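Residue numbers (the numbering used here), protein chains in the order written: chain R, 1 to 225; chain E, 1 to 305.
We put the beta carbon where it would ideally sit given N, CA and C, even for glycine.
Predicted model, so just to flag it, every value in this text is computed and none were measured.
To keep things clear, I will list the structure first and then write my remarks on it.
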Amino acid sequence: MSSFWSITLATLAKDIRLEWRSKDALNAMLFFSLLVVVIFMFSFDPLAEESRHIVGGLVWVAFLFAAVVALNQTWARELRNQVLDAYRVSPASANSLFLAKALGNFILVSLLEALMAPLFVVFYNLRPLGPAWQLIPVALLGTWALVVNGTFFAAMSLRTRSRELMLPLLLFPVSIPAVISMVAATTNILTGEDSAHFYIVLLLTYDVVFTTACLALFETVLQAE
Amino acid sequence: MKKAFPILAVLTAVLLAYAFYQAMFVAPTDAMQGDVYRIIYYHVPSAWTAFLLFFINFVASVQYLANAKPSTQRAAKWIVIAIGVAGAIAPFIPQVRQQLPTGMYPSSVATTAIIIAGLYFLVGRYFPGQSLDLLAVTTAEVGVVFCTIVLITGPIWARPVWGIWWAPGDIRLTSTLVLWLIYVSYLVLRRFSDSAQTQKLAAVLAVFGALDVPLVYFSIWFFRTQHPQPVIGGGGSIDPGMLHVLLISWMAFLCFAFLVCWSRYGLEKLRREVEEAEALESLLEPAGHAAPSSKAKIPLSRGSR
């Protein structure tokens, strides 16, 4: 078990170091979601009262699209110099690689959210009327929901033609319940009209179900060639 | 078997015509909606057929993945038996019985559980090995067609009755739409993936889709539904004359779906046989029509020695 986690940590540290040195994915994601924010602002031009009702949807659509940018380059890096093939023939557990990649993406997307959240507050004049601390579990659970399936489907789309296009086509349909829960929970917290409790529990269920499914099936996907 | 196909085709055509006649002229007119409601004789049977096909796809996909290793194959077998036994006994326990919606009988729930478990073994018995994947691709494609019919006839009916084409956030509409989206992405994956492991990846996606549907259902739990209650086992009530026509119509649609699946299955099987034969041919005659190159000769001479 300890070797499982040491491989996970080593891969995670390598990915973070690579990202820290190049900052490719983070810069692309930041600029991309900034563009989404600005374009939405021009196309809706909402009042503060209206923006409470729509911004839950806007935030998560922006993060979903931006996350795809990070997810697409997750495995592409390992294809160069046949790193993935080397990993496949090594005795290391497939799930430790998957967890490292998912955690790496989770950290990256969470960082993006932390940097973008103030911008949303500024541009849309947000002031939550419900319990604001609940936004933290919603963000963490929601990000994991996007990232765990995203990492899995990115590995799956490696084997297809035009793989960058394939990832959103596979990821978005399966993510619909998670997106509904994230948006509904965020809107409920911002408007303070209803409790977000049900949706937080639902997100937790989604995370548990799909993390289990990913861990159970990842080896099949990694070995498929 | 080949002779049975035209006979079944004629039978299906007759049954479809009879169902059409029954739906249009024999079934009583609805007191509230008038003749508009008659579209349910196409909408509801298509929905049942589509869900059945998607379910067969899920069963075939699970079995395909489970068959990869003998240990998982055995485990899956026992899990399915456990589901069948638990589903057959649980509805009769008073505590569980109270949870069932009104109009749903414990015996029908138990029968459904046994049929589900039986289906797993039937599929495994008649579709060994790679034919499981043939079954999966066939049912997914035909299921998407029937699901499309559901999604088209639904709004046509909803516009005059509800006054809107689509009710956003409606639990039945949304879950059917998401199911359709998932299976379209399943077909896209099959089309775009050209490695030898497409079958495995597609089966994985089918499992993810099946896990997703209940979550979609719960995620819109709080939204009110405008959709009429299910006719069978959902507390909805229907005139016996209408139910009679609905079941005839479903029979016709099932025969039609079976017919289409049969020919699609045969076509896909043929396509793969041709592909295999071509691959084999190119292995045996590496030179083909072109002039034999020196590289191509080496493995041949080795093989003939």
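| Check | Outcome |
| --- | --- |
| Beta-carbon spacing of Ser46 of chain E, Arg159 of chain R below 7 angstroms | no |
| Arg127 of chain R - containing alpha helix (DSSP H), residue span | Element bounds for Arg127 of chain R: n/a, residue is neither H nor E. |
| Selected residue, minimal CA-CA separation from Thr151 of chain R, among R:Leu84, R:Ile54, R:Phe98 | R:Phe98 |
| Backbone CA spacing between Thr12 of chain E and Glu278 of chain E [nearest angstrom] | 36 angstroms |
| Coil, strand or helix - Thr139 of chain E by DSSP | helix |
| 8 angstroms Cβ cut-off: residues of chain E touching Tyr206 of chain R | Leu215 |
| Complete runs of the alpha helix (DSSP H) confined to the region 31-94 of chain E [at least 4 residues] | 40-66, 70-89 |
| C-alpha distance - Ser6 of chain R paired with Ala94 of chain R, whole-angstrom precision | 13 angstroms |
| Residues near Thr74 of chain R in its chain [Cβ-Cβ closer than 7 angstroms; skip 5 each side] | Lys101, Asn105, Thr151, Ala154 |
| Assigned secondary structure, Thr143 of chain R (DSSP; H/G/I helix, E/B strand, else coil) | helix |
| Interface positions of the region 57-85 of chain E facing chain R (Cβ-Cβ less than 9 angstroms), listed along the chain | Leu65, Ala68 |
| Partner residues on chain R for Gln33 of chain E, Cβ-Cβ distance less than 8 angstroms | Under the 8 angstroms cutoff, chain R gives no residues; its nearest Cβ is about 31 angstroms from Gln33 of chain E. |
| Chain-ordered neighbours of Val150 of chain E on chain R, where CB pairs are closer than 7 angstroms | Under the 7 angstroms cutoff, chain R gives no residues; its nearest Cβ is about 17 angstroms from Val150 of chain E. |
| Beta bridge counterpart(s) of Ser193 of chain E as assigned by DSSP | R:Thr160 |
| Where Gly209 of chain E meets chain R, residues with beta-carbon distance less than 9 angstroms | Pro173, Val174 |
| Residues in the region 48-62 of chain R having any Cβ partner in chain E nearer than 9 angstroms | none |
| Phe4 of chain E to Val10 of chain E span [Cα, whole Å] | Contrary to the premise, residue 4 of chain E reads as Ala rather than Phe in this sequence. Approximately 10 angstroms, taken between the alpha carbons. |
| Ala50 of chain E beta carbon less than 7 angstroms from that of Gly143 of chain E | yes |
| Three-state secondary structure assigned by DSSP to Ala224 of chain R | coil |
| Straight-line gap, Val83 of chain R to Gly118 of chain E (C-alpha atoms, nearest Å) | 45 angstroms |
| Inter-residue spacing [alpha-carbon to alpha-carbon] between Ala66 of chain E and Trp165 of chain E | 42 angstroms |
| Closest by C-alpha distance to Val62 of chain E, when choosing among E:Glu273, E:Ala203, E:Val178 | E:Ala203 |
| Between the CA atoms of Glu141 of chain E and Arg271 of chain E - distance to the nearest angstrom | 16 angstroms |
| Ser181 of chain R at chain E interface by Cβ criterion, 7 angstroms | yes |
| Near the ligand MN: Thr151 of chain R beta-carbon under 6 angstroms from a heavy atom | What this structure holds is no ligand at all, so the ligand MN is not there to describe. |
| Given Val59 of chain R as reference, the closest of R:Leu115, R:Thr211, R:Leu204 once Cα atoms are compared | R:Leu115 |
| Leu52 of chain E beta carbon less than 7 angstroms from that of Ala252 of chain E | no |
| Contact set between Arg161 of chain R and chain E, taken where Cβ atoms lie within less than 8 angstroms | Phe192, Ser193, Asp194 |
| Beta carbon of Leu201 of chain E nearer than 7 angstroms to that of Met156 of chain R | yes |
| is_contact[Val204 of chain E, chain R] using C-beta, thresh 7 angstroms | yes |
| Integer-rounded CB distance, given that Ala19 of chain E should sit under 8 angstroms from Gly241 of chain E | Actually they do not touch by this definition, with Cβ atoms about 14 angstroms apart. |
| Contacting residues, own chain, Cβ-Cβ under 7 angstroms from Leu217 of chain R (five flanking each side not counted) | none |
| Reduced DSSP secondary structure (H/G/I, E/B, other) of Ser195 of chain R | coil |
| Arg172 of chain E versus Gly130 of chain R: straight-line alpha-carbon distance, rounded | 30 angstroms |
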